[in-house]
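First up is the structure itself, then whatever we jot down about it.
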Amino acid sequence: MTGQRHAATESHRSFAEPVRLDLSDPDTLRRLWDLQRASYAVEARLIGFDGIPPLHESLEQLRTCEESFIGVRDESRLVGAVAWTRSDNGVLDICRLVVHPVAHRRGVATALLNALDSIEPAELTVVSTGTANLPAVELYRRRGFVPVGERRIAPGVAVTLLERRNASASKPLHNS
């Protein structure tokens, strides 16, 4: 049984440690753009709305966004990324969390959020996701986020706003 559990864990996590992404590198930019299009296409189907802004973002818009990124790769492909900003008052805003459909249920999103917590500790972290994107809502709840509101973005489409307070968080070691 232990051998089976170990094998399952190994296949579950077959990707590299998260690293910062440099969007000034054209190859990295293209891989991230492809990844987010694949990821947001799944969310669009889940929530019944294809007007998700990053789904229609150009390469140039992505390259010039004011967000910091970390990502994970498997053998040859970028399979996940998380982007964030930090406000002047220290609030960490998770702007996007994307996982390639081939890497769903492999712990990619959890690894990215763990890495983000490590490099950017925050007293308050906020995120929003499609209310009908139940896998994302559940992921954030498991990570200690609580829903604090909901906002309609189109007829029949809502976004849930979530936040997590961490009184023991220290200031980040560096700003991005």
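Counting in this note's numbering, the sequence shown runs from 46 upward without gaps.
In this text, a Cβ means the ideal position worked out from N, Cα and C, and glycines have one as well.
Since this is a predicted model, take the numbers as computed values, not measurements.
Counting of Cβ neighbours within 10 angstroms places GLU88 among the buried residues, the total reaching 16 or more.
Beyond the five residues adjoining it in sequence on each side, HIS149 comes within less than 7 angstroms, by CB distance, of no other residue in the same chain. The beta carbons of VAL202 and GLU195 sit about 11 angstroms from each other, so the pair does not count as a contact at 8 angstroms. At the C-beta level, VAL143 and SER84 come within 7 angstroms of one another.
Here DSSP, grouped into helix, strand and coil, assigns ILE139 to strand. Only residues of its own chain outside the window of five on either side were considered, and among them ILE115, GLY116, VAL117, ALA156, LEU157, ALA160 have a CB closer than 7 angstroms to the CB of PRO63, listed in chain order.
Excluding five sequence positions before and after LEU91, the CB atoms of its chain that fall closer than 7 angstroms to its own CB belong to GLY175, ALA177, ASN178, given in chain order. Each of ILE198, GLN81, ILE139, LEU184 was checked against the Cα of SER113, and the nearest Cα belongs to ILE139. In the three-state DSSP reduction, ARG150 falls in the coil class, being neither helix nor strand. For SER113, the enclosing beta strand (DSSP E) covers residues 113-118. In this model, PRO180 and ASP72 are separated by some 30 angstroms (Cα to Cα). Of the other Cβ atoms in all chains shown, 16 or more fall within 10 Å of the Cβ of THR170; this residue is therefore buried. Residue burial annotation: ARG141 is buried, with at least 16 other C-beta atoms found within 10 angstroms of its C-beta. When the five nearest sequence neighbours on each side are left out, the beta carbons in the same chain lying within less than 8 angstroms of the beta carbon of ASP119 are those of SER59, PHE60, ALA61, ALA148, in order along the chain.
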